[in-house]
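*Asks:* Read left to right, the sequence shown gives residues 565 to 711 (our numbering). Please see the structure below; I have some questions.
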Amino acid sequence: MLNTSLPCFTLDEAYTDTCSSITTTGEYSCLRMVFHLKRLFSYYMAQIYIPSSLLVIVSWVSFWLDRTAVPARVTLGVTTLLTMTTQAASINSSLPAVSYIKAVDVWIGVCLAFIFAAVLEFAWVSYRGSLQDEYTFITKTLSEPLF
Numbered sequence: 565m566l567n568t569s570l571p572c573f574t575l576d577e578a579y580t581d582t583c584s585s586i587t588t589t590g591e592y593s594c595l596r597m598v599f600h601l602k603r604l605f606s607y608y609m610a611q612i613y614i615p616s617s618l619l620v621i622v623s624w625v626s627f628w629l630d631r632t633a634v635p636a637r638v639t640l641g642v643t644t645l646l647t648m649t650t651q652a653a654s655i656n657s658s659l660p661a662v663s664y665i666k667a668v669d670v671w672i673g674v675c676l677a678f679i680f681a682a683v684l685e686f687a688w689v690s691y692r693g694s695l696q697d698e699y700t701f702i703t704k705t706l707s708e709p710l711f
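See below:
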């Protein structure tokens, strides 16, 4: 076999076979060549899957921040969301345009959904916290004597 290579692939096996093709004009002999390629996954792990997983994990740090640390939580949520969006655009520009959904599209979509859910969780916690603060203020005010 020739010493050949393709980027991101290794050639595991290649063989030829004879075949016959029947058409409206007659039967013809043909030659078939079959290639068995194996995708090198390390590039995709290092460039797509590990960085996007780390971004999702970083967005979850906001769960451990105090709800009153609004600037930190907003910065963390928005930064991870924008970074993930930029990474998704970069990934899509480096891959060929196809009409179907690829596995990496699903992965990026799920990562974006997790990061967006962390931002929504912050909004929910802030809203519920403000209601709790208001309730605490009202009950404290009402429990104090007027005189």
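C-beta: ideal position from N, C-alpha, C; glycine also.
Count the other C-beta atoms from every protein chain shown that fall within 10 angstroms of the C-beta of F686, then say buried if there are 16 or more, exposed otherwise.
*Replies:* buried
*Asks:* How long is the line joining the alpha carbons of S585 and V598, rounded to whole angstroms?
*Replies:* Each residue's Cα considered, the two are about 17 Å apart.
*Asks:* Out of I655, K704, H600 and T649, which one is the CA nearest neighbour of F678?
*Replies:* T649
*Asks:* According to DSSP, simplified to helix, strand and coil, what is I586?
*Replies:* strand
*Asks:* With which residues is D581 paired in a DSSP beta bridge?
*Replies:* In the DSSP output, where bridge partners are listed per residue, D581 has R596.
*Asks:* Please state if the CB of T580 and the CB of K602 are separated by a distance shorter than 8 Å.
*Replies:* no
*Asks:* Under the three-state reduction of DSSP, which class applies to L604: helix, strand or coil?
*Replies:* coil
*Asks:* Between L646 and V625, which are expected to be in contact by the criterion C-beta below 8 Å, what is the C-beta distance as a whole number of angstroms?
*Replies:* That pair is no contact at about 16 Å.
*Asks:* Would you tell me roughly how many angstroms separate the C-alpha atoms of V668 and H600, rounded to the nearest one?
*Replies:* 22 Å
*Asks:* List the DSSP bridge partners of E591.
*Replies:* I586
*Asks:* Rounding to the nearest angstrom, what Cα-Cα distance links V670 and E698 in this structure?
*Replies:* Whole-angstrom Cα-Cα distance: 42 Å.
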